[in-house]
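Reviewing the structure listed below.
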Amino acid sequence: MPTAAAHRSRPRPARWGTPPAVVTVVLLALLLTGVAVPRWATAEDGVAPAQIVPAVTAAHGDLGTFAVVVARQEERQTDVSIRAAEALTADVLARTAGNELADRPFPTASLVKLFLAADVLHRARTGAVTLTPDDRAELEVMIRRSDDPAASDVWLRFGGAQAVRDVAVRYGLTDTAPPRRWGQWGETTTTAADLARFLVRLPVIAHPDDAEALLGWMRTATPIAADGFDQEFGVFGTLPGAAVKQGWMCCLGGQRHLHSVGVVGGQVVVLLSEVPRSVGYDRAKAALDAAAAAVPLPPPS
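Following this line, the structure appears as structure tokens:
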């Protein structure tokens, strides 16, 4: 179990990020060449992720193992030069920070449902599969109500293990892999950094309609899941208006897992936790609630 010192170490940029000094040079170049700088790239637009992460980590406390990443979601750009688009991407990546456990693998529990839905929608968009209205309804309930039978059906019918691999390649998720045990989709492994990258890049990798469908289902998540579990913990219920996905599982390796991810006001928040089985869900939820409450709401657009 990580020590308090490990929990409170200085936040670091995500491994796929860009050094802040480089971003400063890029933004200066944009200003000098007349290219518009993104509204959120300036200091007055809110608190930087690197300032948020220590507060979130401290608020969670020392209850088990905790990983956090806070980032800024990319926006799809049209009619811009390659230079401007690359600069924008570099700036988004620079505005990402996580704690020392951001690259530590966790079982996804129900968070893998995001990868499943994104890949099935992508395959339908490219003509690789044909989705019926019932299929789309199944994807929706899988996300909104975190329905496990729906996820098992999607995993079997659409090749869930390959879906995870394909999403990992498409989004550049270097530490995400399907489960070792066949069909145990909740044992898919990922990291807070990979989940943040997926949500950060969703608007620019997925077709706009597919990205909006997935985020729309997340925004209308039900307070009670299909299995009766209360989903209002962490980002859900703490950050108003967030598009959320929750995950919970017990007890792989004697550990209880409770996760919460969301997007609010273009800000991505990823909270992953692992506690001993002896720690109940109520305590684990309270820790994630405190962590999410330490995330300041982004300024209105």
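Residue numbering for the sequence shown follows my numbering, starting at 2 and increasing by one per position.
Where is the CB? At the ideal position from N, CA and C, for every residue including glycine.
For clarity, every value in this text was computed on a predicted model and none was experimentally measured.
Your pair residue 113 and residue 187 checks out as a contact, with CB atoms roughly 7 Å apart and the cut at 8 Å. DSSP lists 245 and 270 as the bridge partner or partners of residue 263. Distance from residue 200 to residue 264 at the Cβ level is roughly 6 Å; contact confirmed, criterion being Cβ atoms closer than 8 Å. Here the alpha carbons of residue 148 and residue 134 stand approximately 17 Å from one another. Counting along the chain, residue 139 sits inside the alpha helix (DSSP H) bounded by residues 134–145.
Between the alpha carbons of residue 170 and residue 48 lies a gap of roughly 31 Å. Positions of the alpha helix (DSSP H) runs, each at least 4 residues long and wholly inside the stretch 153–240, are given as 161–172, 193–206 and 209–220 in order along the chain.
With fewer than 16 other Cβ atoms from the protein chains shown falling within 10 Å of its own Cβ, residue 277 counts as exposed. Using a Cβ-Cβ distance cut-off of 8 Å, the stretch 138–148 and the stretch 163–181 are not in contact, since fewer than three pairs of beta carbons, one from each stretch, lie closer than that value. By the beta-carbon neighbour count (other beta carbons within 10 angstroms, threshold 16), residue 206 is buried. Taking the Cβ atoms as the reference, residue 295 lies roughly 16 Å from residue 103, outside the contact range of under 8 Å. Rounded to the nearest angstrom, the gap between the Cα atoms of residue 136 and residue 122 is 10 Å.
Straight through space, the alpha carbons of residue 156 and residue 184 are spaced by roughly 8 Å. Shortest Cα-Cα distance from residue 127 to any of 231, 275, 208 and 282 involves 208.
In the DSSP assignment, residue 253 is bridged to 256. Taking 9 Å as the cut-off, the Cβ atoms of residue 244 and residue 272 do not count as close. In this structure, 60 is the residue among 54, 60 and 51 with its C-alpha nearest to the C-alpha of residue 290. The beta carbon of residue 250 sits closer than 7 Å to those of 108, 110, 187 and 258, all from its chain and outside the five residues before and after it, given in chain order. Under DSSP, the beta-bridge partners assigned to residue 277 are 256. Of all alpha-carbon atoms in 241, 262 and 299, the one lying nearest the alpha-carbon of residue 115 is that of 262. Counting of Cβ neighbours within 10 angstroms places residue 182 among the exposed residues, the total staying below 16. In this structure residue 195 is buried. Its beta-carbon is surrounded by 16 or more other beta-carbon atoms within 10 angstroms. Counting along the chain, residue 54 sits inside the alpha helix (DSSP H) bounded by residues 50–61. Buried is the label assigned to residue 274, since at least 16 other Cβ atoms lie within 10 Å of its Cβ. Assigned with DSSP and collapsed to three states, residue 108 falls in strand.
DSSP places residue 66 in the strand class (E or B) of the three-state scheme. Cβ-Cβ separation between residue 73 and residue 96: approximately 4 Å, consistent with a contact (criterion under 8 Å). With respect to the 9 Å criterion, residue 152 and residue 203 are not classified as neighbours on the basis of their beta carbons. Linking residue 217 to residue 177 through their CA atoms gives a straight-line distance of about 24 Å. In this model, residue 253 and residue 285 are separated by some 16 Å (Cα to Cα).
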